[in-house]
Ligand SMILES: Nc1ncnc2c1ncn2[C@@H]1O[C@H](COP(=O)(O)OP(=O)(O)OP(=O)(O)O)[C@@H](O)[C@H]1O
Ligand SMILES: [Mg+2]
């Protein structure tokens, strides 16, 4: 918990943890958001993000990135809520979209919400309606801005109230309209600083009875896409947030309790920089593995045209014969033959799963689920 407010920092006048914070100030905050430290961080984060955008644009198989990275994001972001599943389990459940355990289902829904939000950007600017659609997707039930009071953030261990968001649909909708205006304001503020400020505000409004954190983290990524800072929703931003969850919570509260915008903004800028750098390195490793594998397959199976099939098994670390057929690459019998050939030369591994067979791509799976970007070469 934060200590008592300092005397020299601007403090929100009438905030108490137990009272609905209906007086949450509208945006922009009444403070200088662009200190030297913040600007320095923003420049570094912008540079890392620009590099990621460029590298992702150059990858021939965009579908691979859009399949895999939102799934990693989904796993990390859902873990914040203690919805724990493994990346391996998620990739395995991806082809069928069906999973038995609720945690995996919830994380798969997060990925769908992210992708659906991404697609909606071309017809609907980011706003309250986007947020409602995302929350609905994540929770799997129709979710609208709260009408009833009673939503409270509590300390998991002690049960003590940390923060009580504003109450009343009218109040919430007005604050959201103000947030939406700010997200699209044309006042020259750096977009990454705007993202940080907007994320705090969204969480402080806490428009839903659940799913606010995940919805807000999806909105961050969509905002970067809307601003053209990312071409696709591939930044694995929740990675940093989950790794520094206590700081994330502390600094959100710091803004409310002490008007401490700078530490909060720096936290988010840091998150962008470190995850852009991480994602960039991961993409480079996957691209290298793809190039290496293609060369190996040409040499080991010289008479087989495997280009499209390789693209597919680089999109799906767990692949089924049906996936090859659905993609129009080959009919069932040939598809099966081709996949088994890749298994014989060690690129894939056959894994029976009930009535069907999964073809696992172990090297790709390792890259996607492990920190390390190293892989053992073939041959
Ligand atoms: N002091 C705070 N003020 C405002 N928002 C906060 C504060 N502390 C945490 N939050 C936000 O509230 C979220 C939790 O709210 P909620 O349970 O509705 O979201 P969720 O998506 O279900 O959970 P989670 O974010 O834990 O996955 C946190 O992730 C964080 O974004
Ligand atoms: Mg929750």
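Numbering (the numbering used here), first residue to last: 10 to 388.
Ideal placement from N, C-alpha and C gives every residue a C-beta, glycine not left out.
About 16 Å separates the beta carbons of residue 58 and residue 274, which is beyond the 8 Å limit, so they are not a contact pair.
With the rule of 3 Cβ pairs closer than 8 Å, the stretch 367-380 counts as touching the stretch 96-116. Remark: C-beta atoms of residue 152 and residue 100 do not approach each other more closely than 8 Å. In this structure, residue 293 has its CB at a distance of at least 7 Å from all heavy atoms of ligand 1. By DSSP's assignment, residue 170 forms a beta bridge with 163. DSSP lists no beta-bridge partner residue for residue 34. Distance from residue 313 to residue 350 at the Cβ level is roughly 6 Å; contact confirmed, criterion being Cβ atoms closer than 8 Å. In this structure, the C-beta of residue 212 approaches ligand 1 to less than 7 Å from one of its heavy atoms.
Within 10 angstroms of the beta-carbon of residue 299 lie 16 or more other beta-carbons, which makes it buried. Relative to ligand 2, residue 317 has its C-beta separated by 7 Å or more from all heavy atoms. At a threshold of 7 Å, residue 268 does not count as near ligand 2, since its beta carbon sits no closer than that to any of the ligand's heavy atoms. DSSP places residue 124 inside the alpha helix (DSSP H), whose first and last residues are 111-129. Judged by DSSP in its simplified three-state form, residue 358 adopts strand.
Secondary structure note for residue 366: its beta strand (DSSP E) is the uninterrupted segment 365-369. Contact check for residue 316 and residue 386: beta-carbon distance about 20 Å, past the 8 Å limit, so the pair fails to qualify. Ranked by how close their Cα comes to the Cα of residue 363, the residues 329, 355, 371 have 329 in first place. Of 156, 108, 85, 193, the smallest CA-CA separation from residue 215 is found for 156.
Contact check for residue 170 and residue 27: beta-carbon distance about 5 Å, within the 8 Å limit, so the pair qualifies.
Going by DSSP, residue 79 is part of the alpha helix (DSSP H) stretching over 71-88.
Taken through DSSP and simplified to helix, strand or coil, residue 327 comes out as strand.
The way I'd put it, the stretch 138-145 doesn't touch the stretch 105-114; fewer than three beta-carbon pairs between them come closer than 8 Å.
In this structure residue 252 is exposed. Its beta-carbon is surrounded by fewer than 16 other beta-carbon atoms within 10 angstroms.
Taken in chain order, the whole beta strand (DSSP E) runs of length 3 or more contained in the stretch 218-248 number zero.
Taken atom to atom, the span from the alpha-carbon of residue 160 to that of residue 282 is near 33 Å.
The beta carbon of residue 265 sits closer than 7 Å to at least one heavy atom of ligand 1. In this structure, residue 159 has its CB at a distance of at least 7 Å from all heavy atoms of ligand 2. Selection 365, 383, 23, 64 evaluated against residue 288 yields 64 as nearest (Cα-Cα). The beta carbon of residue 308 sits closer than 8 Å to those of 388, all from its chain and outside the five residues before and after it, given in chain order. Annotation for residue 206: the continuous alpha helix (DSSP H) segment containing it runs 200-214. Taking the C-beta atoms as reference points, residue 76 is found no nearer than 8 Å to residue 147. A straight-line Cα-Cα distance of about 45 Å links residue 72 and residue 32. Within the same chain, 201 come within 7 Å of residue 55 by CB-CB distance, once the 5 residues on both sides are set aside.
In the three-state reduction of the DSSP assignment, residue 336 falls in the coil class. Around the beta carbon of residue 304, fewer than 16 other beta carbons sit within 10 angstroms, so the residue counts as exposed.
A distance below 7 Å between beta-carbons, with the five flanking residues on each side excluded, links residue 175 to the following residues of its chain, in chain order: 29, 30, 31, 33, 181, 184, 214.
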